[in-house]
Amino acid sequence: MTDPVIVASGQTYERAFIKNWIELGLTVCPKTRHTLAHTNLIPNYTVKALIANWCELNNVKLPKIQENAVTALLNLSINDNNKTAIANAEAIEPLIYVLETGSHEAKENSAATLFSLSVIEENKVRIGRSGAIGPLVDLLGNGTPRGKKDAATALFNLSIFHENKARIVAAGAVKHLVELMDPAAGMVDKAVAVLANLATIPEGRNAIGQQGGIPVLVEVVELGSARGKENAAAALLQLCTNSNRFCNNVLQEGAVPPLVALSQNGTPRAKEKVHIFFWGVLGLKAKIS
Numbered sequence: 012m013t014d015p016v017i018v019a020s021g022q023t024y025e026r027a028f029i030k031n032w033i034e035l036g037l038t039v040c041p042k043t044r045h046t047l048a049h050t051n052l053i054p055n056y057t058v059k060a061l062i063a064n065w066c067e068l069n070n071v072k073l074p075k076i077q078e079n080a081v082t083a084l085l086n087l088s089i090n091d092n093n094k095t096a097i098a099n100a101e102a103i104e105p106l107i108y109v110l111e112t113g114s115h116e117a118k119e120n121s122a123a124t125l126f127s128l129s130v131i132e133e134n135k136v137r138i139g140r141s142g143a144i145g146p147l148v149d150l151l152g153n154g155t156p157r158g159k160k161d162a163a164t165a166l167f168n169l170s171i172f173h174e175n176k177a178r179i180v181a182a183g184a185v186k187h188l189v190e191l192m193d194p195a196a197g198m199v200d201k202a203v204a205v206l207a208n209l210a211t212i213p214e215g216r217n218a219i220g221q222q223g224g225i226p227v228l229v230e231v232v233e234l235g236s237a238r239g240k241e242n243a244a245a246a247l248l249q250l251c252t253n254s255n256r257f258c259n260n261v262l263q264e265g266a267v268p269p270l271v272a273l274s275q276n277g278t279p280r281a282k283e284k285v286h287i288f289f290w291g292v293l294g295l296k297a298k299i300s
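Residue 12 is where the sequence shown starts when you use my numbering, and the numbers rise one by one after that.
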């Protein structure tokens, strides 16, 4: 049994078998022989988790059905016309289940599918409220390199919706994001983009300060890519605008020289952030071009 479901009688069956039973026009429970009040098939996550745990303990590999199913959903989700349809088909909860219990590849594809679905604004809300953020943060911290990238891109999309920001911070994402700003991880741009979004709420700013995020943000302003510098400057601006203590920390980390350089060579958005930093935060009336 790889996909257990509960029928109206309360009995659990393998989805494929009971689905065939119902499609043959049989409307009674195979075991109890009672007439089924409805033909809805409800996933039995408890039994599925028990099976997965037993297989792991006994080194038994389940068929790749789960991986194939998630991969199929990922491929379907690439088409914008399918994104809402997939969510409406109640696929989000099963994707979260795969995030929690699946193989490395299944987890990666599940995170990538959630990222794809979260392009739609309504899906950002659904995914955040369905409990996906905790498993995504776990994948961000403990996944394979590809899994971490898929988790980061999904969390970036989800962090655009304000309600999800506090959830992401509460799940412990900032610690992992700061760690992933090490250039050796190859994820600086992805990590700093999420931090820039999280820095717009008090919980996010506090977590960035507590997890040692200020020095690495200053380093990105100095040495990062154009997009990385832009997002790092945005995060530092949020930190300085809302906290004198964090502003002092930013200055102590030597942020002024790289910010001045960014004001000359950065993207238009980066120059705007630096302009606000010097004029609005520090009160300097120097011309920033």
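Every residue gets a Cβ at the ideal spot worked out from N, C-alpha and C, and that includes glycine.
This one's a predicted model, so the numbers in the text were calculated from it and none came from an experiment.
For V205 and Y108, what's the separation of their Cα atoms in angstroms?
24 angstroms
Assign F167 to one of two classes, buried (16 or more other C-beta atoms within 10 Å of its C-beta) or exposed (fewer than that).
buried
Under the rule that 16 or more other beta-carbon atoms within 10 Å means buried, what is H173, buried or exposed?
exposed
Count the other CB atoms, across all protein chains shown, that sit within 10 Å of the CB of A184; report buried if there are 16 or more and exposed otherwise.
buried
I need the DSSP call for I212, collapsed to helix, strand or coil.
coil
Quick one: measure Cβ to Cβ for S170 and L209, integer angstroms, because I've assumed they're closer than 8 angstroms.
6 angstroms
Enumerated in chain order, which unbroken segments of the alpha helix (DSSP H) with a length of 4 residues or greater are wholly contained in the stretch 79-113?
91-99, 103-112
Starting from I17 and walking both ways along the beta strand (DSSP E), at which residues does that stretch end?
Under the DSSP assignment, I17 falls in the beta strand (DSSP E) whose first and last residues are 15-17.
Can you tell me where the alpha helix (DSSP H) with T252 in it begins and where it stops?
It spans 237-253 - the alpha helix (DSSP H) in which T252 sits, taken as one unbroken run.
Exposed or buried, A297, counting other C-beta atoms within 10 Å across all chains shown (16 or more means buried)?
Per-residue confidence for A297 stands at a pLDDT of 41, beneath the threshold of 50, marking its modelled position as unreliable; the derived number appears in the next sentence. Exposed, by the Cβ-count rule.
Any beta carbon from chain E within less than 9 angstroms of Y108's own beta carbon?
Among the chains of the structure shown, chain E does not appear; only one protein chain is present.
Quick check: what's the CA-CA separation for L85 versus N217?
L85 and N217 have their C-alpha atoms roughly 35 angstroms apart.
In or out: F257 buried (at least 16 other Cβ within 10 Å) or exposed?
buried
Could you give the distance in angstroms between the alpha-carbon of P15 and the alpha-carbon of W32?
14 angstroms
Taking buried to mean at least 16 other C-beta atoms within 10 Å of its own C-beta, is R178 buried or exposed?
A buried status is given to R178, since no fewer than 16 other beta-carbon atoms sit within 10 Å of its beta-carbon.
Under 8 angstroms by Cβ, that's how I've got E264 and I219 pegged, so tell me the actual separation to the nearest angstrom.
The pair is not a contact, with the Cβ atoms about 13 angstroms apart (cut-off 8 angstroms).
Using the beta-carbon count (16 or more within 10 Å), is V199 buried or exposed?
buried
Three or more C-beta pairs closer than 8 angstroms, one from the stretch 87-97 and one from the stretch 140-148: is that the case here?
no
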